[in-house]
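In the numbering used here, the protein residues as written are -13 to 224.
The beta-carbon is built from N, C-alpha and C at its ideal position, and this holds for glycine as well.
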Amino acid sequence: MAEQSVSNLGELVDRLNRSTARSPLREAVVDAMTTNETLWFRDGHPFRILNERIFPEFARKPGVSSLRIWSAASSTGQEAYSISMTAEEFRRANPGQLRGGLNIVGTDISHRVLEVARKAEYEILAIGRGLSKERLAAFFAEKGSGLWQVKPEIRRGVEFRPLNLLDSYAALGKFDIIFCRNVLIYFSAELKLDILTRMHAALKPGGFLLLGASETLNGLPDKFEMVHCSPGIIYRTK
């Protein structure tokens, strides 16, 4: 409110109601309200599941030439790039598999964090959150001034787009895998059900949904099958 010279909350709401969807005021409010907590390879097991179970399953499928993965609420890009690194590690360990290409789409409501994600440059404090020395050496280049940038082979095939999860997903297309982790906790039960129903529609038949460690899928038994992975649970579309 101080930055925008707004005297009280009522005036702020009034100005928001009269502003356009892409107005600087709206974007400033979104950036102030959203939680952009993230780190590399968060919780660990989703990426092990990706490497040890999901990627091998798709690699065995006849006619699968490429994979599309959606990282919803991707924040500053750590999840999307962690997925890309996991895919590269899988390819190196399994020559000839997953060579058809990988398209990773990261989305977030905040334009500010998406700009950080697109640059793929991170300070050492951010680098230290979940990233091993081995992966830092393998997948990053030192830029100087305490910055490290994700290498081109990991950035290739990764794109970032603005998206409010309450809006339509039609423009995103269909996906084989969706990561929607640690964001549904901020929605009501009704909105959560709506989001998950529309994510099911955005998944290809047999596709996978991965949720956060504290999130569960309730109320959609006709759309998803629970798959126990020890540790962790993922959901396959029916």
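**Asked** Under a Cβ-count criterion, where at least 16 other Cβ atoms within 10 Å of its own Cβ denotes burial, should Thr21 be classed as buried or exposed?
**Response** Sequence index remark: in the sequence shown, residue 21 carries index 35 (1-based). Classification of Thr21: exposed, given that the 10 Å Cβ count is below 16.
Report task. If I'm right that Gly143 touches Glu109 with Cβ under 8 Å, what's the distance once you round it to whole angstroms? Result -> The sequence position of residue 143 within the sequence shown is 157, counting from 1. The sequence position of residue 109 within the sequence shown is 123, counting from 1. Contact doesn't hold; Cβ gap of about 25 Å is too wide.
Practice problem: Return the Cβ separation of Ser57 and Gly92 in integer angstroms, given the expectation that the two are a contact with Cβ distance under 8 Å. | Solution: Here residue 57 corresponds to residue number 71 of the sequence shown, with the count starting at 1. Here residue 92 corresponds to residue number 106 of the sequence shown, with the count starting at 1. Cβ atoms of Ser57 and Gly92 come within 8 Å of each other, at about 4 Å.
What separation, rounded to the nearest whole angstrom, lies between the Cα atoms of Gly198 and Arg121?
Start at 1 with the first residue of the sequence shown, and residue 198 comes out as number 212. Start at 1 with the first residue of the sequence shown, and residue 121 comes out as number 135. Looking at the two C-alpha atoms, the distance is approximately 23 Å.
For His214: DSSP bridge partner residues
Counted from its first residue, the sequence shown places residue 214 at position 228. Its beta-bridge partners are Ile219.
* Go ahead and label Tyr172 buried or exposed: buried means 16 or more other beta carbons lie within 10 angstroms of its beta carbon, across all protein chains shown. => Translated into positions along the sequence shown, residue 172 becomes position 186. Under a 10 Å Cβ-count criterion, Tyr172 is classified as exposed, with fewer than 16 other Cβ atoms of the shown protein chains found around its own Cβ.
### Message
Let me make sure I understand the geometry here. Which of Leu100, Ala112, Gln83 has the alpha-carbon closest to that of Pro48?
### Response
For the purposes of this step, residue 48 is identified with residue 62 of the sequence shown, where counting begins at 1. When only C-alpha atoms are compared, the closest one is Gln83.
DSSP three-state assignment for Lys178, whether helix, strand or coil: The residue labelled residue 178 in the question sits at position 192 within the sequence shown. Three-state DSSP puts Lys178 in a helix.
Q. How about Asn168 and Ile95: do their beta carbons lie closer than 7 Å?
A. Here residue 168 is taken as the residue at index 182 of the sequence shown, counted from 1. Here residue 95 is taken as the residue at index 109 of the sequence shown, counted from 1. Using a Cβ distance threshold of 7 Å, Asn168 and Ile95 do not count as a contacting pair.
Next item on the list: Could you tell me whether the region 122 to 141 touches the region -11 to -3, using the rule of 3 or more Cβ pairs below 8 Å?
Entry: Too few Cβ pairs lie closer than 8 Å, so no.
If we ignore side chains and look at the alpha-carbon of each, how far apart do Glu38 and Ser174 end up? Here residue 38 is taken as the residue at index 52 of the sequence shown, counted from 1. Here residue 174 is taken as the residue at index 188 of the sequence shown, counted from 1. When rounded, the separation of the alpha-carbon atoms in Glu38 and Ser174 is 33 Å.
Requested in this report: Go through its chain and collect everything with a Cβ distance to Leu147's Cβ below 8 Å, but skip five positions before and after it.
Outcome: Position 161 of the sequence shown holds residue 147. Before going on, a small fix: residue 147 reads as Arg here, not Leu. Answer for Arg147: Val91, Gly92, Thr93, Leu100, Leu158, listed in chain order.
- Message: Let me make sure I understand the geometry here. Which of Ser60, Arg78, Lys160, Arg98 has the alpha-carbon closest to that of Leu11?
- Response: Position 25 of the sequence shown, counting from 1, holds the residue named residue 11. Of Ser60, Arg78, Lys160, Arg98, the residue nearest in Cα terms is Arg98.
Ends of the alpha helix (DSSP H) at Arg54? Numbered from 1 along the sequence shown, position 68 holds the residue referred to as residue 54. Counting along the chain, Arg54 sits inside no alpha helix (DSSP H); it lies in the beta strand (DSSP E) bounded by residues 53 to 57.
Quiz item: Any beta-carbon of chain C closer than 7 Å to the one on Leu179?
Solution: Note that chain C does not occur in the displayed structure, where there is just one protein chain.
Taking just the CA atoms, how far does Leu152 sit from Val(-1)? On the sequence shown, position 13 is the one that residue -1 refers to. On the sequence shown, position 166 is the one that residue 152 refers to. Near 20 Å, if we compare the C-alpha coordinates of Leu152 and Val(-1).
Classification of Leu170 by the beta-carbon crowding that lies within 10 angstroms, buried from 16 upward | Counting from 1 along the sequence shown, the entry for residue 170 is found at position 184. With 16 or more neighbouring CB atoms inside 10 Å of its own CB, Leu170 falls in the buried class.
Exercise. Assign Tyr108 to one of three DSSP states: helix, strand, or coil.
Key: Counting from 1 along the sequence shown, the entry for residue 108 is found at position 122. DSSP, read as helix, strand or coil, puts Tyr108 in strand.
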